[in-house]
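Report on the following structure.
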Amino acid sequence: MMVIRIPFVTLFGLFFTALFFLVAIFAPLIAPYSYDEVVSNGFWEPATSEFLLGTDGIGRDLLSRMIYGLRTTIWIATLATLLSFTTGSVLGFLAAVMGGWVDQALSRFVDLMMSIPSLIFALVILSITPITITILIVVMGLLDATRVYRLARAVAVDINVMDYVEAAKLRGERNGWIVFREILPNALSPLVAEMGLRFIFAILFISTLSFLGLGIQPPQADLGGLVKENAEGLTYGIGAALYPAMTIAVLAISVNLVADWVLSRTSSLKGGRG
Amino acid sequence: MVDSLIKVRGLTIGATVYPANEKPKDIEIVHGIDFDVAHGKVLGLIGESGAGKSTVGLSTMAYGRGGVRITGGEIWVNGRDILHTPIKDIRNLRGNEVTYVSQSAAASFNPAKPIMEQVIEASVHHGKYSKADAEDRATDLFNQLGLPDPETIGKRYPHQVSGGQLQRCMTALALCPGPDLVIFDEPTTALDVTTQIDVLAAIKRAIKETGVAALYITHDLAVVAQVSDDIMVLKMGDMIEYGSTNQIINTPREDYTRALVSVRSIQHSEQSPEGDAVLTCTNITARYRGTKFDVLHDVSVELFSGQTLAVVGESGSGKSTLARVITGLLPPRDGTIMFDGRKLSADLASRTREDVRELQMIYQMADVAMNPRQTVNTIIGRPLEFYFGLRGAKKRDRVLELLDEIEMGKDYIDRYPAELSGGQKQRVCIARALAAKPKLIICDEVTSALDPLVADGILKLLLNLQKIENVAYLFITHDLATVKAIADSIAVMYQGRVKRYGSKSKVLTPPFDDYTDLLLSSVPKMQLGWLENVLAHRKMESAGN
């Protein structure tokens, strides 16, 4: 029987992470209205039993928009993170295993990419390409892949000099086996922990892009975009922008707490199983 | 009481273990040990790894390493019960009355400070000597320990002296405050055999001249026999036998001690070279990428099928480089390798799968030679799948057969490496090599990380398998006892060259060249007075000096 004691803060993080993901997955079932339906003649109405968080600047239900916004944000962040991890870690492992000019070419290219601030880089690309969800995911994923590449390569360089990798090379194994069967299982712990952190950065990044107007385009909703739409209300003492802002904060903190816990568990001294 | 410096009664030591998926629990690792050390006497603590030697040794400073604590008994030092002494007094005891020499001097010295500063630190700190007096004293000790340039060596940094010299500097560090007791924790284990003898002699002389008492911890009975007055044999935290050195070596009472004394009992009669050569290296010269000097010069050796060629030498002599050249990891600059009648291409990538299969390797550290995330089934099964296309039940059956050949039970098949002992890990590595049905296995120091009794088992297994599978071994080692036990022919390497080469009887029969003589004579023998005898008859100094 596994005895796992989960600390309180992690439970807190797990609870909210699970809650947000469930809401994102079942958004159409939960949301009382559609995200683009104008349901009221007034604007920035206060919370009522009909509109639990009130309405936005043109009379749409804020709660519904937040539920759909959360769905978009999580969806994009998840896909971008997966893309960055697959690309970054496979290339990082290959660079470590093959060495030589492959390693040099990839690493210097990544250095070049990282020397440009990623927000500026993304803004430049998004201002000359049509903004679709696919392009957003690809741009975010590839920009983040540079960071994953660095971590994956550093971890793999250490593993690559172990005798069991040499034994596999002497057996005549191809790079595919060495990367996926010898290195990947041993590099998984730091990568999984890093994945949580990168996911948070992806959420913050897409929110920033949308806040700047280069992310999700209206009438579609996402958390950053909702902050932007409703920011005007703050001038009149209307707190509609605070709900999506707080959601971003709580989501980021919860995932962080979970990622921290994963990291501390996987890096503790243990035997083979784990 | 007065004549006994250290008196230990009923010492028990506990630790907390953290088994996977279970609650942490407290266990006892040393179970009630008694011993005495009189002023100026040396007690040897001997046992395999995990026997509790170091733990017992450190307890005489009232110290327990991470997670280890002294749970019961009495430890009297100079008439004081140090387990019931305020921490202030304990601090005054450590590094002053009782000092410590660790196994790895390289890891114990601060690389950023000159040696002298570190050697005198404890003496000055405890107020025993002024800085100038302590420096004079350290210089005397450097002199006593036979270090070169005793006046100036203290100004050097730790990386500027050799491993053997640094170990002697550490002995000087321990002796400088004029302690009553020095704990030597495997001080020569990490050194080459030819360097070990110098350090051993220096330690012995220093103990005699300063009249200090010592606890000498080692796993090598032959070493401890040279320096100690009494010996205590430990096993799994229990005292097995305790007596004078003479008694333990010459008339051991317990079976376990007898096994330790008679270790390396393997008898292997040498075979004359016959049949076809499985491996012929001709004039191999090699250097590492990006360097400007050759590490192998003109090396030519030959190995016949079903036989064992031992390659011996100190660290840095080029033994492992030779293995890298043969396996194709380091293409040579010059020379050819013939394998089973065909020429091997220099580079691993351009070798055929058949070449690669027939030439297998076993590593020194079985721990890192197996992927910790793979089970024994995957580890041994992969070559079967890769070379012979075996899958599923067929593969598993063959793995079980191989487990049987390496004398391990069927239950081990689904275990992970972390769930095996050191000896078992090495056996699994042997099975992995055998699975490929090789003609030649390169064994790179395969027994040097193992306890003597376990190593003995591995060597016996290798010899048995050789008879069954008719496989040839290229056996790389620095341990001449191993060589004598299993080799058919021997190549002695020194500074990248083959110094002496031929059949075992030829290489081990005088007249020797100076280096072979040094190497052979440096292997500690299990007899009293061996050290003095050897030092009196040596022709050349070791390279590390």
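Chains Z and E, in that order, give the protein sequences. No gaps in the numbering here: position 3 of the first sequence is 6 in my numbering, and each next residue is one more. No gaps in the numbering here: position 509 of the second sequence is 1248 in my numbering, and each next residue is one more. For glycine and all other residues, C-beta sits at the position ideal for the given N, C-alpha and C.
- Classified as exposed, Glu1271 (chain E) has fewer than 16 neighbouring CB atoms from the shown chains inside 10 Å of its CB.
- Residue-level contact check: Pro188 (chain Z) touches chain E, since one or more beta carbons of chain E fall below 9 Å from its beta carbon.
- At least 9 Å separates the CB of Gly179 (chain Z) from every CB of chain E.
- Within a 10 Å sphere around the beta-carbon of His1217 (chain E) sit 16 or more other beta-carbons, which makes this residue buried.
- Within chain E, the residues Val1107, Ala1108, Asn1110 have their CB atoms less than 9 Å from the CB of Met165 (chain Z), given in chain order.
- Taking each of E:Leu797, E:Asp1037, E:Glu1093, E:Lys974 in turn and checking the Cα distance to Ala1175 (chain E), the smallest one comes out for E:Glu1093.
- Straight through space, the alpha carbons of Thr20 (chain Z) and Glu48 (chain Z) are spaced by roughly 29 Å.
- Ranked by Cα distance from Ala790 (chain E), the first of E:Thr1117, E:Ser1084, E:Ile1207, E:Thr957 is E:Thr957.
- In this structure, the beta-carbon distance from Cys1020 (chain E) to Tyr1102 (chain E) does not fall below 9 Å.
- Of all residues in the segment 1178-1200 of chain E, none comes within less than 7 Å of chain Z when Cβ atoms are compared.
- Secondary structure remark: continuous alpha helix (DSSP H) runs of at least 4 residues inside the segment 895-950 of chain E, in chain order: 902-914, 932-949.
- Counting C-beta pairs closer than 8 Å gives three or more between the segment 189-203 of chain Z and the segment 146-165 of chain Z, which meets the contact rule.
- Lys172 (chain Z) has a beta carbon lying within less than 9 Å of a beta carbon in chain E.
- Among the residues of chain Z, those whose CB is under 8 Å from the CB of Thr1066 (chain E) are Leu173, following chain order.
- For the pair Val747 (chain E) and Asp773 (chain E), the CB atoms are nearer than the 9 Å cut-off.
- A direct Cα-to-Cα measurement between Val1038 (chain E) and Asp1136 (chain E) gives close to 42 Å.
- Residues Gly1162 of the same chain have their beta carbon placed closer than 6 Å to that of Val1193 (chain E), with the five preceding and five following residues left out of the count.
- Counting only runs that start and end inside the segment 1096-1182 of chain E, the beta strand (DSSP E) elements of at least 3 residues fall at 1098-1101.
- Taking the beta carbon of Leu1087 (chain E) as reference, the chain Z residues within 9 Å of it are Lys172, Leu173, Gly175, listed in sequence order.
- Near chain Z, meaning a CB-to-CB distance below 9 Å, the residues of the segment 1119-1132 of chain E are Arg1121, Pro1122, Phe1125, Tyr1126.
- The closest CA to that of Ile79 (chain Z), considering only Z:Ser210, Z:Arg174, Z:Phe124, is found on Z:Ser210.
- Nearest Cα to Gln1046 (chain E) within the set E:Lys1178, E:Ala998, E:Ser788, E:Lys943: E:Lys1178.
- Note on Ser967 (chain E): 16 or more other CB atoms within 10 angstroms of its CB, so buried under the neighbour-count rule.
- Judged by DSSP in its simplified three-state form, Ser121 (chain Z) adopts helix.
- Going by beta carbons, Val807 (chain E) and Ile752 (chain E) fall inside the 9 Å limit.
- Residue environment analysis places Ser67 (chain Z) among the buried positions, since at least 16 neighbouring C-beta atoms fall within 10 angstroms of its C-beta.
- Spanning the alpha carbons of Ala1088 (chain E) and Gly179 (chain Z) requires a straight line of approximately 15 Å.
- Contact between the segment 156-174 of chain Z and the segment 1108-1115 of chain E is established, with three or more Cβ pairs separated by less than 8 Å.
- Straight-line measurement puts the Cα of Glu1124 (chain E) at about 50 Å from the Cα of Met971 (chain E).
- Nearest to Ser1011 (chain E) by alpha-carbon distance, out of E:Ser1228, E:Ile826, E:Phe881, E:Lys1164, is E:Ser1228.
- Cβ contact annotation for Gly885 (chain E) (same chain, cutoff 6 Å, sequence separation greater than five): Ala941, in chain order.
- Taking a Cβ-Cβ threshold of 8 Å, the residues of chain Z close to Val1095 (chain E) are Leu173, Arg174, Gly175, in chain order.
- Using beta-carbon distances, Glu197 (chain Z) does not count as an interface residue toward chain E, since no partner is under 9 Å.
- Shown here, Val1262 (chain E) sits in coil according to DSSP, grouped into three states, outside any helix or strand.
- When secondary structure is reduced to three states using DSSP, Leu1192 (chain E) falls in the helix class.
- Counting only Cβ-Cβ distances below 8 Å, Glu185 (chain Z) has contacts in chain E at Asn1110, in chain order.
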